[in-house]
Structure formats: C-alpha cells, structure tokens
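Accompanying notes for the structure given below.
Protein chains in written order, with the numbering used here: chain A, 1 to 418; chain B, 1001 to 1149.
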C-alpha cells in the first residue's frame, strides 16, 4: 500500500455520521427544525459514553473518595485517580500529580494568579497577556496586580486578529514575571504560536501559562513538547461534564506554590498551632472534589482519543474552510478574525443587522450560534464592533449544517432589507 | 417563523432603520446612560421637563433592532406625558413584554403593543426595556450607568 493510500484509509476512518449517532441531543428538534448546534466554543454536546459513565457512577459507584476503607470508596477513589491519569495522558504530562482538578479554566487561572502570582510578584512587576484574551485570562491578573502593585501589559494584535509577535517579544521586560496567553482565541479563532511564545519567554526566564479552553478539543496538546509551565482547560468544552476543569502545572513550580484554598483533603496534619499540607496534587484540591465530573471527563478523554484528534482536526479544518467561503459570499457579511492560522471559529457581523437579532432569527431555523462580546470586550473594541455573531465548529458538525446556517442568514437579510 | 414575525413586526423594523427622536438633545435638563452588557447595547436618553411634564425626549446610541425600536417608540409615547403617566405606561409595557398580562389592543399602550412578541423571547426582554429603565434614571436624575443585569 502506498503512503497516499494509507492516508486515505486513515481519513475515511473519520465518519461524521457515525459520530453523530453517539450524541443523542443532535437528533432533537428546535422550533420544528433539526437542531444545528454551532455554539461549541461555549460548550460542546456530550456523547453517550460520557452520559453512561455519569449515570453508572451515581447508580452503582457513588462514594466519597480517599480514606474510605470500604470497597465502594476504594472503587470511587480508583476511578477518580484513573481519570487523572487519562488527563495526564491527553496532555502528555510527566506525572499524574501535575494534573490538578478544578471547577473550570477560570478557577485554574485564579489558582495560579493567587498562589503562584502572590508568591512571586511584587510592586512594579509585570504580567504579560495578549489583546485577544478571554476575560477569564484578564480579570484574575488585574485582581492580582491590584493586590501586589504589579502591572498588566498587553501585546497587540493586527487587523486580522494575529498576535504581533515582535511586539510581544519586545514587551517581555526584566520586570515580567509571568506570561499568560490563549492557545486558540474564542472570539477570533486565531491559533497562537505558543511554542514560539514559550521559547521567547523562557529565554528571559519567564514562566508561561497557556489557556487551552478552546484548543484542547480541536488539536493534540503535548505540554512537554510545548515546555509550558501551566496549561489550563475546562471539561465541558471537551465533550465532558460542566463543573470540572484542569490545571496542568510543572511539578517544580507546583511544589513551591502555597495552597489556593484550605480545607479537607489538602492537609497532612492539622493542629491549632500548625498545619502541614498534603503532597501534590491534593495540596490544591481542598474539599470533596467533583468526583463524577472527573470520572465523566475521563470518559470524554477516552472518547476524544478514540475518535482521534488528527481526524477531528482534519474534518474541522475542512468545515472551517468551507464555512469561511460560504459566509464570505453572504452579502453584507464581514468576518471578524481572519488570521492565517485559525481553527473552529467563524465570528462575523452583518450590515444593518445587530448580532443579537441575527442570533434570534437563525434560532427560528433551529441554528444555535452565540452572539455578544464572547467575554472578550477588548477584542470587540479593537475591531470597533459592539458584538459579533459566532458559529463554532466541533467534530460532529457537517457541511449540511454550514449550509443551514447560510440559509438562515438569508432570512436575516430578508428581515432587515425593508 | 410566525413567532419570529410577531417579534420583528414591520413597525419595529421601520423604527430600527429610521428611529424617531434620534440624536443628542443639546442642553437637556436631564440625561442618563444605559448599557446592556449581554449584547453591548449602549444608549443615552435625554429629557426636558416642564414641571412634571416631559416636554421633549431624545435618545442616541447603538443596539439591536428591538432595543432601538423600543427607544424610538418610547420617545414618541412619553412626549407630553406627566411623570406619573410615564411610570404607569412603563409598568404596562413591562407587563406586556414579560407575562403578557396586558391585551395587545390595550389602548393606553398605543403603538407600543407591537412589542407583544417579545414575551416569547425571554432573553430579549432586556433589549426592549433598556430605554425605559434609562428614561427612568434620567427623570430621577441618576448618574450611574443603568444596566439590565
């Protein structure tokens, strides 16, 4: 078999219709239309194996973890630990204890800001971010800066939504103590050159946090190859449950960081005089965690890897190119975010139609998209728009669904061409 | 589609495109800023008062069709009304766009009845009511930004 034939075999292994059957919600109807779900950047739908895992855990495996000496608790602990191992595998982290379970990306970033940040930043120090960050990668740093008297610096983006890398590099100053940057922009679709960013920052001894909320379900991520210091994501965008998120941290940094929250599970011993803290990862996991969420996330990771991120990436890139062409041909439509390296996101505005009206009208055709500032108000300001409409693609979307969006947008034009 | 036609009635689309009383009211007695963080709608409502009567009212800003048309029709409806009458009309309008407790042909509402379709779209109630909340802040001489959150 030639290599071209091999590639074909791999490609045909990705069967979107087969995948769609795994997602029960995709067969429901919305306002008498077939649901066309294109709000994946907000949250993705859940495949049957994840739903089954959650139901099975509560039906037959529910117990609190750690320290229980009975079988049920031992099983739940084992399942929870197994889920951590699955996330470790997904990210190719060196050790399972470098994976900290949180509620979501937001909590992961706040953990780093309040633990690492308060320990390592002082008056006059700087945190460097980019203009395309989600509010969750802006506000935690603003809070930190207020607390310690540090300064938030912002690297600019150009008119297509690409990070100006030379400016970014120039902004890494002797006072920069941390770089925090999004991997894939949720409002523009820009894929940032994170490897290059890490290299630039490390050359000046500055650690890097990557917000992988959007990237994690579209592309393979290897934290060792990236050499990043922190990587955060949330479970519900990775076809898993809400309420469970992940912080990957380099062991040497996590070891030195103080706890973020105090409570049960995160201690070694407690007396009123002195408390000593537990080993990683427990030091950062105070209280009963979202056990079912972690186990459900583990099932989602299994599902994602079984389908295969390479195939998913190819399919989504194909849809993105198809959607970019199709939307470009809609009269009066302007895409916001046209960087050369993009994934998943089609953000746009239309002449004479406010994004909010676009969202309501396409919904009447069963098409679910997001409208608003997408928690990236500085991006909206940069492009001079109050809001955008945003379609975002996931593994189960099809060309027909892009066609349905375009058709629905024609209804928007008809409505507003009075 | 029929619910959608109820929402985007011709009158609303027309006021969206050609809003009445649009633009700054120079030297206005009162004004207030309104902001809907959900969709980024921003508007300013200007009011001139003679005693208890609204003698002139204008607005400017950007927003979705529902919020712009609502501001436009509001200015038409409250001009010449007393503050008590305006408050009464606001309450009637809120009832119309939320629980639908008010008949669509309620005479007191006049043209505002075109917003009856909003009640089927709970997320859009804020769009329809932003101008009214901002008007209330203006006549009460409040200077904090009104938000719908």
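Beta carbons: idealized from backbone N, C-alpha and C, even for Gly.
Contacts between residue 1124/B and chain A, judged by CB atoms closer than 8 angstroms, involve 356 and 360 in chain order.
Pairwise C-beta distances place the region 159 to 167 of chain A out of contact with the region 111 to 128 of chain A, as fewer than three of them are shorter than 8 angstroms.
If you draw a 10 Å sphere on the C-beta of residue 272/A, you find fewer than 16 other C-beta atoms in it, and that means exposed.
Close to residue 373/A, with beta-carbon spacing below 7 angstroms, are these residues of chain B in chain order: 1040. Scanning chain B for C-beta atoms nearer than 9 angstroms to the C-beta of residue 380/A yields 1040, reported in chain order.
In the same chain as residue 280/A, and ignoring 5 residues on each side of it, the C-beta atoms closer than 6 angstroms to its own belong to 97 and 254, in chain order. Take the alpha-carbon of residue 1030/B and the one of residue 129/A: they are about 41 angstroms apart.
Taking CB atoms only, residue 364/A has a neighbour in chain B less than 8 angstroms away. Exclusion of the five residues before and after residue 212/A leaves 183, 221, 231, 232 and 233 as the residues of its chain whose Cβ lies within less than 7 angstroms of its Cβ.
Shown here for residue 180/A: same chain residues with a beta carbon closer than 6 angstroms to its own, the five before and five after excluded, namely 129, 137 and 209 in chain order. In this structure, the alpha-carbon of residue 1009/B lies about 18 angstroms from that of residue 1077/B.
For residue 387/A, a Cβ of chain B is located within less than 8 angstroms of the residue's own Cβ. Near chain A, meaning a CB-to-CB distance below 9 angstroms, the residues of the region 1044 to 1070 of chain B are 1062, 1063, 1064, 1065, 1066, 1067 and 1068. A residue is called buried once 16 or more other Cβ atoms fall within 10 Å of its Cβ, and residue 390/A is buried on that count. Here the alpha carbons of residue 404/A and residue 275/A stand approximately 59 angstroms from one another. Rounded to whole angstroms, the separation of the alpha carbons of residue 147/A and residue 270/A is 28 angstroms.
Contiguous alpha helix (DSSP H) elements confined to the region 142 to 189 of chain A occur at 165 to 171, taking only those with 4 or more residues. The DSSP-derived three-state label of residue 1011/B is helix. For residue 1059/B, the enclosing beta strand (DSSP E) begins and ends at 1053 to 1062. Contact of residue 1004/B with chain A is assigned, a C-beta pair being separated by under 8 angstroms. Note that the C-beta distance between residue 1121/B and residue 1049/B is not below 8 angstroms. Residue 397/A counts as buried, since at least 16 other C-beta atoms from the protein chains shown sit within 10 angstroms of its C-beta. The continuous alpha helix (DSSP H) containing residue 1093/B extends over residues 1083 to 1097. One finds 360 in chain A with Cβ atoms closer than 8 angstroms to the Cβ of residue 1007/B, taken in chain order. Bounds of the beta strand (DSSP E) holding residue 127/A are 126 to 130.
Within the region 333 to 396 of chain A, complete alpha helix (DSSP H) segments of at least 4 residues are found at 355 to 363 and 377 to 383, given in chain order. Sequence-distant partners of residue 28/A (beyond 5 residues in either direction) whose C-beta falls short of 8 angstroms from its own C-beta, in its chain, are 35. Residue burial annotation: residue 354/A is buried, with at least 16 other C-beta atoms found within 10 angstroms of its C-beta.
In the three-state DSSP reduction, residue 407/A falls in the helix class (H, G or I). Closest option to residue 296/A, judged by alpha-carbon separation, among 84/A, 175/A and 248/A: 84/A. Per the coordinates, the alpha-carbon of residue 1082/B lies some 4 angstroms from the alpha-carbon of residue 1053/B.
Boundaries of the alpha helix (DSSP H) around residue 1078/B: 1065 to 1078. Taking residue 1135/B as the centre and dropping the five residues before and after it, the same chain places the C-beta of 1045 closer than 6 angstroms to its C-beta, in chain order.
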